[in-house]
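K.L.:
One structure is given below, represented as structure tokens, and several questions about it will come after.
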Amino acid sequence: METYVQKAQSLPQDLKVIIHKTSMIFPSKKTEKKSVFLSNIDKVLNFDVETVHFFDANKDFPPKIVAEKLKKALEDALVVYEFIGGRLKVNSETKRLEIDCNEEGAGFVEASSEYKLNQIGDLVYPNPAFGQFVHKNKDFLKPGDVPLCVVQFTSLKCGGFVIGISTSHTIFDGLSFKTFLDNIAALAANKPLAVTPFHDRQLLAARSPPRVTFSHPELINLGNIPTGLESGLCMDSMQVLDFNIFRLTSDDINCLKEKAKADSTGRITGFNVITAHIWRCKALSGPYDPNRSSTILYAVDIRSRLNPALPKSYTGNAVLTAYATAKCKEIEEGLFSKLVEMVREGATRMSDEYARSIIDWGELYNGFPNGEVLVSSWWRLGLEQVEYPWGKPKYCCPALHHRKDIILLFSPIGGSDDGGVNVIVTLPPKEMEKFQSLFYKFLI
């Protein structure tokens, strides 16, 4: 097991990024103007997801050439993904959030940094300064304009470069974002699309009339709070927060699996034992109340769980939140295998009917998943395996988020081939201290 104990102040705080050109890019061919339906899953995810993709220098692809190829590939992609060049709007008749495919374009930013790739610190550690590699969507070229996708290309002194991408979560989940990148890579190489995306979001429309057939304790009804353009699941915290990365090696994960097997006969996966381990640490890191209920949330891909199944190439959000809940006393004193089993049961619960019931709930109520912590797994998504003409990324990571109730799982440098995973945690300082202590205690 490893930990990254260096603090943000020991990392470069100013990466000396200079913006040279900010422009809007448009589809390379004419596209149809239309409105795109957003499902009840899409509309609650109204916030931007920022990722940073680092690349070593490639003598055959100097940064200027890469920037040109990337821009051209994006222009071609906007023909297939025409909604990316649109804008969110509230339909005046239905009052639903939707995408207006109005060809207003996506953002493209060309920048440079005075740093070399090997000078910007450990790429695995979530340096807040990495946010300088991603351009914000809001008020992009003019006040009030919010593109759904902005790509920033930053060349480095060594010939390497960084691609920072900010997309509205309303348009992609992790899997469809990976497919989008695979297609960008193919287009940049003048090849056909790697995957033909499937855009019909009506497949995840609520039933008519809606039928909520489960109690859904994992969802909170916010009543009549507006669901306009500024609302959504994630808002930045104003608390003082520490952040850290906890590295679980394949040996650590196998150790957790062995602990779970000691009192269980069910199938035990790496994700389930990692999630149960995180849940135990998070539940017990705050002020202790043995009778307090702790609920962990984690994303489940529903593509294969629906009947009929969604195409694997479905574009949009086909992920719902599973949950497990227990009293802190049970979490502290109970068997680890029991927690793992509860996590497994939460995912198993996500049947076609359960998923449809959640979607129908979103038709009747204004709300979203509610729990103590959400585990969001980018582990094994394969972002670092995307084969661009200029090579695979050296590393991909999210730009740092200040959300104490979201814990991210991400692949280590070199991808997930070694079986390890990075756990990115953001917590108030005292809770972080306790979380770190428990994280290693429970691995022994």
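Sequential numbering from -5 applies to the sequence shown in this note's numbering. Note that CB positions come from ideal geometry on N, CA and C, so glycine has one too.
Where does residue 320 sit, in a helix, a strand or coil, going by DSSP?
P.N.:
Locating residue 320 in the sequence shown gives position 326, where the first residue counts as 1. It is a strand residue.
K.L.:
Here's the rule I'm using: 16 or more other beta-carbon atoms within 10 Å means buried, otherwise exposed. How should residue 60 be labelled?
P.N.:
As a working mapping, residue 60 is identified with position 66 in the sequence shown. Flag for residue 60 reads buried.
K.L.:
Per DSSP, what are the beta-bridge partners of residue 363 in this structure?
P.N.:
In the sequence shown, counting from the first residue as 1, residue 363 sits at position 369. In DSSP, residue 363 forms a bridge with 213.
K.L.:
Quick check on DSSP: helix, strand or coil for residue 97?
P.N.:
As a working note, residue 97 is residue 103 in the sequence shown. Note: residue 97 maps to coil in three-state DSSP.
K.L.:
So, using beta-carbon positions, are residue 443 and residue 105 closer together than 8 Å?
P.N.:
Nothing can be reported for residue 443: it is not among the residues displayed for the chain, which extend from -5 to 438.
K.L.:
With DSSP as the reference, please indicate the residues paired to residue 76 in a beta bridge.
P.N.:
Residue mapping note: residue 76 aligns to position 82 of the sequence shown, counting from 1. According to DSSP, which records beta bridges pairwise, residue 76 is partnered with nothing at all.
K.L.:
Would you tell me roughly how many angstroms separate the C-alpha atoms of residue 350 and residue 82, rounded to the nearest one?
P.N.:
Taking the first residue of the sequence shown as position 1, residue 350 is located at position 356. Taking the first residue of the sequence shown as position 1, residue 82 is located at position 88. Near 24 Å, if we compare the C-alpha coordinates of residue 82 and residue 350.
K.L.:
Three or more beta-carbon pairs under 8 Å between the stretch 24 to 40 and the stretch 84 to 101, yes or no?
P.N.:
At 8 Å Cβ cutoff, the stretches touch.
K.L.:
Does residue 425 come out as helix, strand or coil in the three-state DSSP assignment?
P.N.:
Position 431 of the sequence shown holds residue 425. Note: residue 425 maps to helix in three-state DSSP.
K.L.:
For residue 47, write down the residues that DSSP places opposite it in a beta bridge.
P.N.:
Residue mapping note: residue 47 aligns to position 53 of the sequence shown, counting from 1. For residue 47, which the question treats as bridged, DSSP gives the partners 157, 390.
K.L.:
Which same chain residues end up closer than 8 Å to residue 333 when comparing Cβ atoms and leaving out the 5 residues on each side of it in sequence?
P.N.:
In the sequence shown, residue 333 corresponds to position 339, counting from 1. The residues are 270, 273, 274, 318, 320, 325.
K.L.:
So, using beta-carbon positions, are residue 48 and residue 118 closer together than 8 Å?
P.N.:
Start at 1 with the first residue of the sequence shown, and residue 48 comes out as number 54. Start at 1 with the first residue of the sequence shown, and residue 118 comes out as number 124. Cβ atoms of residue 48 and residue 118: not closer than 8 Å.
K.L.:
Excluding the 5 residues preceding and the 5 following residue 228 in the sequence, name in chain order all residues of the same chain whose CB lies nearer than 7 Å to its CB.
P.N.:
Numbered from 1 along the sequence shown, position 234 holds the residue referred to as residue 228. Bear in mind that a pLDDT of 46 at residue 228, under 50, signals an unreliable position, so the model cannot answer this.
K.L.:
How big is the Cα-Cα spacing for residue 285 and residue 329?
P.N.:
Counted from its first residue, the sequence shown places residue 285 at position 291. Counted from its first residue, the sequence shown places residue 329 at position 335. Taking the straight line from one Cα to the other gives about 17 Å.
K.L.:
At a cut of 8 Å, does the stretch 231 to 247 reach the stretch 419 to 438 through at least three beta carbon pairs?
P.N.:
Short answer: they touch.
K.L.:
Pick from 247, 22, 164: whose alpha carbon is nearest that of residue 433?
P.N.:
Looking up residue 433 in the sequence shown gives position 439. Nearest option by C-alpha distance: 247.
K.L.:
If you compare alpha carbons, which of 116, 401, 238, 366 is closest to residue 277?
P.N.:
Numbered from its first residue, the sequence shown carries residue 277 at position 283. Among 116, 401, 238, 366, the Cα nearest to that of residue 277 belongs to 366.
K.L.:
Write down the C-beta distance between residue 300 and residue 126 rounded to the nearest angstrom, noting that I regard them as a contact closer than 8 Å.
P.N.:
Along the sequence shown, one-based indexing puts residue 300 at 306. Along the sequence shown, one-based indexing puts residue 126 at 132. About 40 Å separates the two Cβ atoms, so there is no contact after all.
K.L.:
Mind checking whether residue 102 and residue 145 have CB atoms under 8 Å apart?
P.N.:
Counting from one through the sequence shown, the residue named residue 102 turns up at place 108. Counting from one through the sequence shown, the residue named residue 145 turns up at place 151. Result yes, Cβ atoms of residue 102 and residue 145 sit closer than 8 Å.
K.L.:
Which class does residue 407 belong to by DSSP, given the choice of helix, strand or coil?
P.N.:
Walking along the sequence shown from the start, residue 407 turns up at place 413. Coil.
K.L.:
If we count the other Cβ atoms within 10 Å of its Cβ and call it buried at 16 or more, is residue 209 buried or exposed?
P.N.:
Here the question's residue 209 lines up with position 215 in the sequence shown. So residue 209 ends up on the exposed side.
K.L.:
For residue 359, I'd like the list of residues in its chain whose CB is within less than 7 Å of its CB, leaving aside the five on either flank, ordered along the chain.
P.N.:
Stepping through the sequence shown from its first residue, residue 359 is reached at position 365. So the qualifying residues of the chain are 215.
K.L.:
Considering residue 351, what are the terminal residues of the beta strand (DSSP E) in which it resides?
P.N.:
Here residue 351 refers to the residue found at position 357 when the sequence shown is read from its first residue. First-last for residue 351: 346 to 358, but that is the alpha helix (DSSP H), not the beta strand (DSSP E).
K.L.:
Which word fits residue 201, buried or exposed, when buried means at least 16 other C-beta atoms lie within 10 angstroms of its C-beta?
P.N.:
Counting from 1 along the sequence shown, the entry for residue 201 is found at position 207. By the neighbour-count rule (16 or more Cβ atoms within 10 Å), residue 201 is not buried but exposed.
K.L.:
Starting from residue 271, trace the alpha helix (DSSP H) in both directions and tell me its first and last residue.
P.N.:
Working through the sequence shown from its first residue, we reach residue 271 at position 277. Residues 264 to 277.
K.L.:
Is the CB-CB distance between residue 115 and residue 20 below 8 Å?
P.N.:
Here residue 115 refers to the residue found at position 121 of the sequence shown. Here residue 20 refers to the residue found at position 26 of the sequence shown. Not in contact: residue 115 and residue 20 (Cβ atoms no closer than 8 Å).
K.L.:
How long is the line joining the alpha carbons of residue 24 and residue 66, rounded to whole angstroms?
P.N.:
As a working note, residue 24 is residue 30 in the sequence shown. As a working note, residue 66 is residue 72 in the sequence shown. Using only the alpha carbons, I get a separation of about 15 Å.
K.L.:
With residue 495 as the anchor, note down where its beta strand (DSSP E) starts and where it stops.
P.N.:
Residue 495 lies beyond the residue range present for the chain, which begins at -5 and ends at 438; the question has no answer from this structure.
K.L.:
For residue 152, which three-state DSSP category applies?
P.N.:
Here residue 152 is taken as the residue at index 158 of the sequence shown, counted from 1. Note: residue 152 maps to coil in three-state DSSP.
K.L.:
Tell me whether residue 42 sits in a helix, a strand or coil according to DSSP, three-state version.
P.N.:
Your numbering for residue 42 matches position 48 in the sequence shown. Three-state result, residue 42: strand.
K.L.:
In this structure, does DSSP put residue 236 in helix, strand or coil?
P.N.:
Working through the sequence shown from its first residue, we reach residue 236 at position 242. In this structure, residue 236 counts as strand in the three-state DSSP scheme.
K.L.:
Which value, in whole angstroms, describes the spacing of the CA atoms of residue 44 and residue 168?
P.N.:
Counting from 1 along the sequence shown, the entry for residue 44 is found at position 50. Counting from 1 along the sequence shown, the entry for residue 168 is found at position 174. Near 12 Å, if we compare the C-alpha coordinates of residue 168 and residue 44.
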